[in-house]
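Peer 1:
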Amino acid sequence: MRYWLFKSEPNKWSWDQQVARGEAGEEWDGIRNYQARNNMREMALGDRGFFYHSNIGKEIVGIVEVCALSHPDSTIEDARWDCVDVKAVRPFAVPVTLAQIKAAPALAEISLIRQSRLSVAPITEEEWGLVCAMGETDPS
DNA sequence: GCCAACGTTGGC
DNA sequence: GCCAACGTTGGC
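Using my numbering, read the first sequence as starting at 123 and increasing by one per residue.
1) Quick one: measure Cβ to Cβ for VAL183 and GLY168, integer angstroms, because I've assumed they're closer than 8 Å.
2) I need the boundaries of the alpha helix (DSSP H) containing GLN126, first residue and last residue.
3) Among the candidates ILE245, VAL218, LEU229, whose CA atom is the shortest distance from the CA of GLU258?
4) Report the start-end ranges of each beta strand (DSSP E) in the stretch 148-194 that is 3 residues or longer and not cut off at the edges.
5) Specify the secondary structure class of LYS209 as computed by DSSP and reduced to three states.
6) So what's ILE223 in DSSP terms, helix, strand or just coil?
7) Under the DSSP definition of a beta bridge, which residues are partnered with PRO244?
8) In angstroms with no decimal places, state the Cα-to-Cα distance between ARG154 and LYS224.
9) Would you call the CB atoms of ALA243 and ASN161 closer than 8 Å?
10) Just list the residues that DSSP pairs VAL218 with in beta bridges.
11) Pairing CB atoms from the stretch 127-144 with CB atoms from the stretch 203-213, are three or more of them under 8 Å?
12) In the DSSP assignment, find the alpha helix (DSSP H) that holds TRP137 and state where it starts and stops.
13) In whole angstroms, give me the CA-to-CA distance for GLU148 and ARG124.
14) Drop a sphere of 10 angstroms on the beta-carbon of ALA158, count the other beta-carbons inside from all chains shown, and report buried for 16 or more, exposed for fewer.
Following this line, the structure appears as C-alpha cells:
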C-alpha cells in the first residue's frame, strides 16, 4: 500500500463534504496538473491519503482511501485529465497544522513543503506514521 | 494584498 | 528547443 496527500481548499471541497459522501466516495476531480494526474494514475485501490485543507485551516484533517482507480474526469471533455475516487476513512483526532509540520525536522522533505503547489503528492511510510502520531490518530 | 514558486503558452 | 510573458497556487 502507498500513501498520498490530497489538498483541497475547504471552501471548494471540504472534509465535511467528503465525509457526507460516505462509502460512495467522490471523484477527486478538477486536477489540471500533469504531475498530480500522474500520481493519481499510480494509485491502487486501498491506498491511503491525507486530506489537507489549504488556504483556510492549513492543516491535515483526515484520512481518505482510494476507492476507484484512475478514470476520465467527468467534469471535463478532455482525455488528458483523469482522476481517482476517494472516500473518508476517519478524521484526525487532532488536526496537524502546516506550522507543526514545518517545525518537525523529520518532515523537512515532505512533499507538502517541498512542492507546496502540487495538489496530489506521494507521502513516505515514515512521514505517514509520524504525522498520524502527531494527530493522535490510528495510521491504519 | 503581496509575493515566491512554478507550470503553461506562444513567438521566434 | 529556448525563453519571456503570463497565470495560478498557496502561504504569509
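Just so it is clear, CB atoms sit at the ideal spot from N, CA and C, and this is done for glycine as well.
All figures in this text were calculated on a predicted structure; none of them were measured in a lab.
Peer 2: Taking the coordinates as given:
1) Residue numbering aside, residue 183 sits at position 61 when the first sequence is read from its first letter. Residue numbering aside, residue 168 sits at position 46 when the first sequence is read from its first letter. Their Cβ separation, rounded to whole angstroms, is 21 Å, which puts VAL183 and GLY168 out of contact at 8 Å.
2) Counting from 1 along the first sequence, the entry for residue 126 is found at position 4. Note that residue 126 corresponds to Trp in the displayed sequence, not to Gln. Run containing TRP126: none in the alpha helix (DSSP H); it sits in the beta strand (DSSP E), 125-130.
3) As a first step, residue 258 is located in the first sequence; it is residue number 136 there, counting from the start. Comparing Cα-Cα distances from GLU258 to each of ILE245, VAL218, LEU229, the minimum goes to VAL218.
4) The qualifying runs are 170-175, 181-194.
5) Within the first sequence, numbered from 1, the residue matching residue 209 stands at position 87. When DSSP states are grouped into helix, strand and coil, LYS209 belongs to the strand group.
6) Taking the first sequence and counting its residues from 1, the one referred to as residue 223 is at position 101. Here ILE223 sits in helix by DSSP.
7) Along the first sequence, read from residue 1 onward, the residue named residue 244 stands at position 122. Note: PRO244 sits in a beta bridge opposite TRP126.
8) Here residue 154 refers to the residue found at position 32 when the first sequence is read from its first residue. Here residue 224 refers to the residue found at position 102 when the first sequence is read from its first residue. One C-alpha to the other measures close to 27 Å.
9) Residue 243 sits at position 121 when you count from the first residue of the first sequence. Residue 161 sits at position 39 when you count from the first residue of the first sequence. Closer than 8 Å, so yes.
10) Reading the first sequence from its first residue, position 96 is the one you call residue 218. ILE182.
11) The stretch 203-213 and the stretch 127-144 touch, with three or more beta-carbon pairs separated by less than 8 Å.
12) Against the first sequence, residue 137 aligns to sequence position 15. Annotation: the continuous alpha helix (DSSP H) that includes TRP137 extends over 137-142.
13) Here residue 148 refers to the residue found at position 26 of the first sequence. Here residue 124 refers to the residue found at position 2 of the first sequence. In this structure, the straight-line span from the alpha carbon of GLU148 to that of ARG124 is close to 19 Å.
14) Numbered from 1 along the first sequence, position 36 holds the residue referred to as residue 158. By the 10 Å Cβ count, ALA158 comes out buried.
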